[in-house]
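Take the position in the sequence shown, starting the count at 1, then add 4; the result is the number in my numbering.
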Amino acid sequence: MQIKSKNYYLYRLLEMIPGVLVWATFAAAILLSIYRPIAAIYFIIIFDVYWFTRISYLLVYLLISWFRYHRLKSVDWMTKLKAYQKLNWLDYQHLIFLPTAGESLEVVNATFQRLSELDYDLKKLTIVLGGEQRKGEQFLTVAQQIEAKYAGIFNKIIVTVHPQDIAGEMPGKGSNMNYAGRQAKEYVDQQGWDYARVIVSCFDIDTLVDRQYFSYLTYEYITTDRPTHYSYQPLALYHNNIWESNFITRVVANGTTFWLLTDMARSERLFTFSSHSMSFETLVNVGFWQNDIVTEDSRIFLQCFIYYNGDYYVKPLYIAVSMNTVYMGKLWRSLINQYKQMRRWAWGVEHFPYMVWNFAKRRQIPFFKKLRYLWNQTEGIYSWATAPLLIFILGRLPLYFAEKTNQTNVIAQQAPYILEFMMTVGMVGLVITAVFSTFLLPQKPQKHLWLKYIIMVVQWIVFPITMILFGSIPATDAQTRLMLGGRWRLGFWVTEKK
Numbered sequence: 005m006q007i008k009s010k011n012y013y014l015y016r017l018l019e020m021i022p023g024v025l026v027w028a029t030f031a032a033a034i035l036l037s038i039y040r041p042i043a044a045i046y047f048i049i050i051f052d053v054y055w056f057t058r059i060s061y062l063l064v065y066l067l068i069s070w071f072r073y074h075r076l077k078s079v080d081w082m083t084k085l086k087a088y089q090k091l092n093w094l095d096y097q098h099l100i101f102l103p104t105a106g107e108s109l110e111v112v113n114a115t116f117q118r119l120s121e122l123d124y125d126l127k128k129l130t131i132v133l134g135g136e137q138r139k140g141e142q143f144l145t146v147a148q149q150i151e152a153k154y155a156g157i158f159n160k161i162i163v164t165v166h167p168q169d170i171a172g173e174m175p176g177k178g179s180n181m182n183y184a185g186r187q188a189k190e191y192v193d194q195q196g197w198d199y200a201r202v203i204v205s206c207f208d209i210d211t212l213v214d215r216q217y218f219s220y221l222t223y224e225y226i227t228t229d230r231p232t233h234y235s236y237q238p239l240a241l242y243h244n245n246i247w248e249s250n251f252i253t254r255v256v257a258n259g260t261t262f263w264l265l266t267d268m269a270r271s272e273r274l275f276t277f278s279s280h281s282m283s284f285e286t287l288v289n290v291g292f293w294q295n296d297i298v299t300e301d302s303r304i305f306l307q308c309f310i311y312y313n314g315d316y317y318v319k320p321l322y323i324a325v326s327m328n329t330v331y332m333g334k335l336w337r338s339l340i341n342q343y344k345q346m347r348r349w350a351w352g353v354e355h356f357p358y359m360v361w362n363f364a365k366r367r368q369i370p371f372f373k374k375l376r377y378l379w380n381q382t383e384g385i386y387s388w389a390t391a392p393l394l395i396f397i398l399g400r401l402p403l404y405f406a407e408k409t410n411q412t413n414v415i416a417q418q419a420p421y422i423l424e425f426m427m428t429v430g431m432v433g434l435v436i437t438a439v440f441s442t443f444l445l446p447q448k449p450q451k452h453l454w455l456k457y458i459i460m461v462v463q464w465i466v467f468p469i470t471m472i473l474f475g476s477i478p479a480t481d482a483q484t485r486l487m488l489g490g491r492w493r494l495g496f497w498v499t500e501k502k
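Right under this line is the structure:
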């Protein structure tokens, strides 16, 4: 986000706040454990009880979304769409953005192949395949082969090449789509389409959509009052290569899916994430995806929220889009890339200063609505970084120092048993999560033995470890980098897709 020089230091101060809060928490936990271990024990018990309660009700939301998802899987959305009389679904066009960053023909073709198999009128789909000039001839070669293979199947395939080194831009997905969006607008204008009747979907290039995705999306769009005031968020699964990937990346990927499921049951907390859909009219009004940030997928919701003075929402779509887990063949390389992906997602902390800055200027947005969204964002990124470390590591420090300094009382003596009991009960929720994860799995390839299903359940035993290594640490890393600024800032890192 470009800030005028006179306001630079104020905005930098806002950028520093999340990181300062995280490190102040870690410092306080350590110092309190050393100098006031009994007080620290009380705090840790209260903190753990709070998180035990919170996880319990999050599990309820998870189950609500899970049952909704499975109930709606059996709906024939095309039949419902054709039966709807108030508006004609054939009057609506779909604009599908597929940004690339040097992916192979195999990856791109898999996405186009799935789109060609949809239960929908394919002539209503215009696909924008966005490439990068910095990738040279590789993208053009892939694009030419795709155009040749799928010629005449869709309404049109628009190929765009995002120029490199544009002043003020950050090379990455956001700048690619911003450029592709403006190119697509020229085509939409030539066709004379009504912006409000053009539905935009933005997918990662490895995204495989459900055959009914566009039937469901179109039905929700035309039956929603003021559909231009909504984004539409499907359930993100990471199943394309889940049977081949390692157990750690599978747990991390499923954890992301379950987080999204809990938020889908609480739409007032829902942001756009990864693959999403929206009105082209709204996309044009807000100036397309922001081209100078990392987390454009969730920022687009905030752009719309601010543009409409808070009268903008995210509607959950209980239908799946599937992407790749981080799988590079070799375990160590996969884990490094997994860490980088989680750190990039955690860079969503860049929304905090953006929200404070723009909310302060938008008095038309109801105060308590601004406060709720700001709290959800701030508490979310703070807990992401601090909670796993406080629960599993730093929470043990006061017990050690209390025993070492002979500072003890009844609560201090019972604390290990209290914490152990909560951990044991918490395992019940983990078992439920593990079992439900198997119901989301795609069909097992024949080359894998049935024992793989058992592994898919047992693998969840490493979940507490992944919460630290691929949750707390990359989140702290991202917030620290934003706090430091300058050369420590993250650019857009592209997850390799195989």
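Where a beta carbon is used, it is the ideal one built from N, C-alpha and C, also for glycine.
Are the beta-carbon atoms belonging to phenylalanine 101 and cysteine 206 less than 9 Å from one another? yes
With a CB to CB cut of under 7 Å and the five nearest residues on each side skipped, what residues in its chain are close to valine 330? Thr253, Ser338, Asn341, Gln342, Gln345, Thr499
Going by DSSP, what residues sit across from threonine 164 in a beta bridge? Gly134
Beta-carbon proximity list for glutamine 368, same chain, < 8 Å, skipping 5 on both sides: Asn313, Gly314
As assigned by DSSP and simplified to three states, the class of isoleucine 297: coil
Assigned secondary structure, alanine 240 (DSSP; H/G/I helix, E/B strand, else coil): strand
Contacting residues, own chain, Cβ-Cβ under 6 Å from threonine 130 (five flanking each side not counted): Leu99, Asn159, Lys160
Name the residue from Ile465, Gly490, Val466, Leu401 whose alpha carbon lies nearest to the alpha carbon of arginine 40. Leu401
Three-way DSSP call (helix, strand, coil) for glutamine 187 in this model: helix
Could you check the C-alpha separation between valine 288 and aspartate 52 for me, to the nearest Å? 46 Å
Hey, valine 3 and leucine 18: beta-carbon distance below 9 Å or not? What the structure shows of the chain is the stretch from 5 to 502, and residue 3 is not part of that stretch, so it cannot be assessed.
Residue interval of the alpha helix (DSSP H) (run including glutamine 550): It is not possible to answer for residue 550, since the shown part of the chain is limited to 5 through 502.
So what's phenylalanine 101 in DSSP terms, helix, strand or just coil? strand
Give me the Cα-Cα distance between leucine 375 and lysine 334, rounded to the nearest whole angstrom. 45 Å
According to DSSP, is lysine 319 helix, strand or coil? strand
DSSP three-state label for alanine 269, please. coil
So, helix, strand or coil for leucine 129, using DSSP? strand
Which residues in the same chain have their Cβ closer than 6 Å to the Cβ of proline 478, if we skip the five residues on either side of it in sequence? Tyr343, Met346, Arg347, Ala350
Do the CB positions of valine 26 and glutamine 381 come within less than 9 Å of each other? no
Tell me whether the beta-carbon of histidine 166 lies closer than 9 Å to the beta-carbon of alanine 184. yes
Would you give the residue range spanned by the alpha helix (DSSP H) that valine 466 belongs to? First-last for valine 466: undefined, no H or E at that position.
Once the 5 residues before and after phenylalanine 275 are set aside, which same chain residues still bring their CB inside 7 Å of it? Ser302, Phe305, Val318
Report the option in Pro103, Asn295, Ile472, Glu141 whose CA atom is closest to the CA atom of alanine 171. Asn295
Taking the alpha helix (DSSP H) that methionine 282 falls in, what are its first and last residues? Here methionine 282 belongs to no alpha helix (DSSP H); instead the beta strand (DSSP E) covers 280–283.
Minimum length 3: unbroken beta strand (DSSP E) runs contained in the region 396–453: none
Are leucine 238 and aspartate 210 closer than 9 Å when you measure CB to CB? Checking the sequence, you will find proline at residue 238 rather than leucine. Against a cut-off of 9 Å, the Cβ pair of aspartate 210 and proline 238 comes out as no contact.
Nearest residue (CA-CA) to isoleucine 472, options Glu424, Tyr15, Ile395: Ile395
Between aspartate 296 and chain D, is the shortest Cβ-Cβ distance under 9 Å, so that the two count as touching? Judged by its chain identifiers, the structure shown contains no chain D, having just a single protein chain.
Endpoints, the beta strand (DSSP E) within which isoleucine 68 is located: Per DSSP, isoleucine 68 belongs to no beta strand (DSSP E); it is in the alpha helix (DSSP H), 41–76.
Could you pull out every unbroken beta strand (DSSP E) segment of at least 3 residues lying fully inside the region 195–264, listed in chain order? 202–206, 234–241
What are the start and end residues of the alpha helix (DSSP H) that includes proline 175? Element bounds for proline 175: n/a, residue is neither H nor E.
Output needed for serine 387: all residues of its chain with C-beta closer than 6 Å, excluding positions within five of it in sequence on either side, in chain order. none
Taking its Cβ as the centre, do 16 or more other Cβ atoms sit within 10 Å of threonine 266, making it buried, or is it exposed? buried
With distances taken between CB atoms, is the gap from threonine 470 to valine 290 smaller than 9 Å? no
Does the beta-carbon of asparagine 11 have 16 or more other beta-carbons within 10 angstroms, so that it is buried, or is it exposed? exposed
Sorted by chain position, which residues of the same chain lie with C-beta nearer than 8 Å to isoleucine 34's C-beta, five sequence neighbours on each side aside? Leu398, Leu401
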